[in-house]
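In the numbering used here, the protein residues as written are 20 to 504.
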Ligand code: MN
């Protein structure tokens, strides 16, 4: 159902845009040679430049430029051959230079889009305004000492991609899918690890509401640094309702920055934007404009990995998977890689069923990520082969799978060890059938009188007597023959 808020004075819709900061995967920081690795002892990864010492000059890390361009392609966006670094001036303890190097007027990546699934199951296109390259600030730690704050500059100067959407988001569901898609894309591309809980992907949300039919935007509230997809969706819904209630009560509210508090399920005022800060942006005199060539861009484009949407289309067209199956299997890079390895040279649909059925269930049960699965993709493929060539039945395969999951052994060894091979000796099966028929003369009579349904019951008895080791098709065939006699 389309997201709407019913008020006493009319029906309201959401107008929302997202600004996502993604920490760039790179060995070193964007303008210094210090390590960009997450963690470490406080202030271990700090060059003089990151600590704001005078006399140091920034040198642009080319890896970060490449990562921005890759991500730009993932967002169907225009790559700008000319971009400029600006200083955004403000004072805060975790910003020792007194300014952040960012890109305001000439970002490295321009307009693009992402298609997301909305709450009606349809597709909504969310415009991308820009992606710019900037540096992260350090971290202030306020909860280690009652009266002091600590500063850790390990993060100061780490490269960030800030991805700004257009105000096209119309529901919490669209926002959630936008973030999931974005995370999946940067992970596929290897440009950001997308871990929202570690802060390597952080989301600021701009929320406003308007009456359905209005074309102008009303003023908006920004919610800062929300750190999970679920919280983003909750924060949007809460804030939209709060604004509608205020409008409906005839009250005004300031254009401000708020914080989302998931424990109390509310947004709280952080600072007013009435007197918007003047950051006195100006081009950084220490850094020349960044000019890149068509060849440079083309070379990156040529070496891009297959992106989720393209992979999904290929799974449907080439492997014959349904839209649903393809969507699930491409949703993260590791799952797609696992499936492709397991399905190589096999019936893709059968393999997909095993991955999405027994494997997902077992992994979820044990909280194991697919890349650490005790059943390797090669072994899962081998298990499907054993079913396909008739060595084991589908029912026995489930049992074998559980043993594989516990022991990491390959399926053929388990089948051999446990004597689980399907019985294909027709003599032995016939003997079994004779015994069952002899023990149930009344049911045989009923079948002969036309009650065909009972045949299924007999097949069940044969399976039971053989502990599942008889091929059901063969059992059926032999049963028919016996009943004809
Ligand atoms: Mn930013």
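Beta carbons: idealized from backbone N, C-alpha and C, even for Gly. None of the values given here were measured: they were computed from a predicted structure.
Under 6 angstroms from any heavy atom of ligand 2, does the C-beta of residue 285 make it?
-> With respect to ligand 2, the structure offers nothing, as its ligand set consists of ligand 1.
Expressed to the nearest angstrom, what Euclidean distance is found between the alpha-carbon atoms of residue 83 and residue 346?
-> Here the question's residue 83 lines up with position 64 in the chain shown. Here the question's residue 346 lines up with position 327 in the chain shown. Approximately 30 angstroms between the Cα atoms of the pair.
Should residue 41 and residue 220 be called a contact, given that it needs their Cβ atoms to be closer than 7 angstroms?
-> Indexing the chain shown from 1 puts residue 41 at position 22. Indexing the chain shown from 1 puts residue 220 at position 201. Yes. Within cutoff.
With DSSP as the reference, please indicate the residues paired to residue 180 in a beta bridge.
-> One-based indexing of the chain shown puts residue 180 at position 161. In DSSP, residue 180 forms a bridge with 41, 152.
How would you call residue 124, buried or exposed, if buried means at least 16 neighbouring beta carbons within 10 angstroms?
-> Walking along the chain shown from the start, residue 124 turns up at place 105. Classification for residue 124: exposed.
DSSP state of residue 101 mapped onto helix, strand, coil = Translated into positions along the chain shown, residue 101 becomes position 82. Strand, per DSSP.
Burial state of residue 483, where buried means 16 or more other Cβ atoms lie within 10 Å = Your numbering for residue 483 matches position 464 in the chain shown. Exposed: under 16 other Cβ atoms inside 10 Å.
Please classify residue 340: does DSSP put it in a helix, a strand, or coil?
-> Numbered from 1 along the chain shown, position 321 holds the residue referred to as residue 340. Residue 340: coil per DSSP, three-state reduction.
Segment limits, alpha helix (DSSP H) that includes residue 230 | Counting from one through the chain shown, the residue named residue 230 turns up at place 211. Here residue 230 belongs to no alpha helix (DSSP H); instead the beta strand (DSSP E) covers 220–230.
Give the range of the beta strand (DSSP E) segment to which residue 158 is assigned.
-> On the chain shown, position 139 is the one that residue 158 refers to. First-last of the beta strand (DSSP E) with residue 158: 158–160.
So residue 243 is in the beta strand (DSSP E); what residue range does that whole segment cover?
-> Along the chain shown, one-based indexing puts residue 243 at 224. Boundaries of the beta strand (DSSP E) harbouring residue 243: 240–245, taken from the DSSP string.
Check whether the Cβ atoms of residue 116 and residue 107 sit closer than 7 angstroms, and answer yes or no.
-> The residue you call residue 116 lines up with position 97 of the chain shown. The residue you call residue 107 lines up with position 88 of the chain shown. No.
Check whether the Cβ of residue 181 sits closer than 6 angstroms to any heavy atom of ligand 1, and report yes or no.
-> What you label residue 181 is simply residue 162 of the chain shown in a count that begins at 1. In this structure, the C-beta of residue 181 approaches ligand 1 to less than 6 angstroms from one of its heavy atoms.
How about residue 80 and residue 49: are their beta carbons less than 7 angstroms apart?
-> Taking the first residue of the chain shown as 1, we reach residue 80 at position 61. Taking the first residue of the chain shown as 1, we reach residue 49 at position 30. In this structure, residue 49 lies closer than 7 angstroms to residue 80 by Cβ.
Spell out a yes or no on whether the segment 248–262 and the segment 22–38 are touching, meaning 3 or more CB-CB pairs, one atom from each, closer than 8 angstroms.
-> yes
By how many angstroms is the C-alpha of residue 436 removed from the C-alpha of residue 348?
-> Translated into the one-based positions of the chain shown, residue 348 becomes position 329. Translated into the one-based positions of the chain shown, residue 436 becomes position 417. Going from the Cα of residue 348 to the Cα of residue 436 covers about 33 angstroms.
Measure the C-alpha to C-alpha separation of residue 216 and residue 208 and round it to an integer number of angstroms.
-> Here residue 216 refers to the residue found at position 197 of the chain shown. Here residue 208 refers to the residue found at position 189 of the chain shown. Approximately 20 angstroms, taken between the alpha carbons.
In angstroms with no decimal places, state the Cα-to-Cα distance between residue 274 and residue 225.
-> The count along the chain shown starts at 1 and reaches residue 274 at position 255. The count along the chain shown starts at 1 and reaches residue 225 at position 206. Each residue's Cα considered, the two are about 10 angstroms apart.
7 angstroms Cβ cutoff met for residue 396 and residue 360 = Along the chain shown, one-based indexing puts residue 396 at 377. Along the chain shown, one-based indexing puts residue 360 at 341. One thing to note: residue 396 has its Cβ within 7 angstroms of the Cβ of residue 360.
The segment 316–323 in contact with the segment 131–145 per 3-pair CB rule at 8 angstroms = no
Across which residues does DSSP place residue 107 in a beta bridge pair?
-> Reading the chain shown from its first residue, position 88 is the one you call residue 107. In the DSSP output, where bridge partners are listed per residue, residue 107 has 119.
6 angstroms Cβ shell around residue 370 - same chain, five flanking residues per side excluded | Numbered from 1 along the chain shown, position 351 holds the residue referred to as residue 370. Excluding sequence neighbours, residue 370 sits near 361, 362, 403.
Going by beta carbon distance, what residues of the same chain come within less than 7 angstroms of residue 465, once the five residues before and after it are set aside?
-> Working through the chain shown from its first residue, we reach residue 465 at position 446. Excluding sequence neighbours, residue 465 sits near 473.
What are the boundary residues of the beta strand (DSSP E) that includes residue 400?
-> To locate residue 400, count along the chain shown from 1; it is residue 381. Careful: residue 400 lies outside any beta strand (DSSP E), inside the alpha helix (DSSP H) at 396–407.
Cβ atoms of residue 203 and residue 377: under 7 angstroms apart, would you say?
-> Reading the chain shown from its first residue, position 358 is the one you call residue 377. Reading the chain shown from its first residue, position 184 is the one you call residue 203. In this structure, residue 203 does not lie closer than 7 angstroms to residue 377 by Cβ.
Option nearest residue 467 by Cα separation, candidates 500, 413, 114, 448 | The residue you call residue 467 lines up with position 448 of the chain shown. For the residues 500, 413, 114, 448, the minimum Cα distance to residue 467 belongs to 500.
Would residue 172 pass as a contact of residue 195 if the rule is Cβ separation under 7 angstroms?
-> On the chain shown, position 153 is the one that residue 172 refers to. On the chain shown, position 176 is the one that residue 195 refers to. Not closer than 7 angstroms, so no.
Let me know if residue 423 comes out buried or exposed under the rule of 16 or more other beta-carbons within 10 Å of its beta-carbon.
-> Counted from its first residue, the chain shown places residue 423 at position 404. Its Cβ being crowded by 16 or more others within 10 Å, residue 423 is buried.
Unbroken stretches of the beta strand (DSSP E), 3 residues or longer, contained in the segment 27–96 | 30–42
Presumed contact (8 angstroms Cβ cut-off) between residue 128 and residue 149, rounded CB distance | The sequence position of residue 128 within the chain shown is 109, counting from 1. The sequence position of residue 149 within the chain shown is 130, counting from 1. About 6 angstroms separates the Cβ atoms of residue 128 and residue 149, confirming a contact at the 8 angstroms cut-off.
Give a yes or no on contact between the segment 177–192 and the segment 72–79, applying the rule of three or more CB pairs nearer than 8 angstroms.
-> no
With DSSP as the reference, label residue 453 as helix, strand or coil.
-> Your numbering for residue 453 matches position 434 in the chain shown. In the structure shown, residue 453 falls within a helical segment according to DSSP collapsed to helix, strand and coil.
By Cβ distance, which residues of its chain are closer than 7 angstroms to residue 69, with the 5 residues on each side in sequence left out?
-> In the chain shown, the residue the question calls residue 69 occupies position 50. The residues are 48, 51, 53, 172, 175, 176.
Nearest candidate by alpha-carbon position, reference residue 454, set 442, 154, 485 = By 1-based counting over the chain shown, the position of residue 454 is 435. Selected option, being the one with the closest Cα: 485.
C-beta contact flag for residue 105 and residue 302 at 7 angstroms | Within the chain shown, residue 105 is the residue found at index 86, counting from 1. Within the chain shown, residue 302 is the residue found at index 283, counting from 1. In this structure, residue 302 lies closer than 7 angstroms to residue 105 by Cβ.
Quick one: grab the DSSP three-state call for residue 469.
-> If you number the chain shown from 1, residue 469 lands on position 450. Looking at residue 469 - three-state DSSP - the assignment turns out to be coil, as it is neither helix nor strand.
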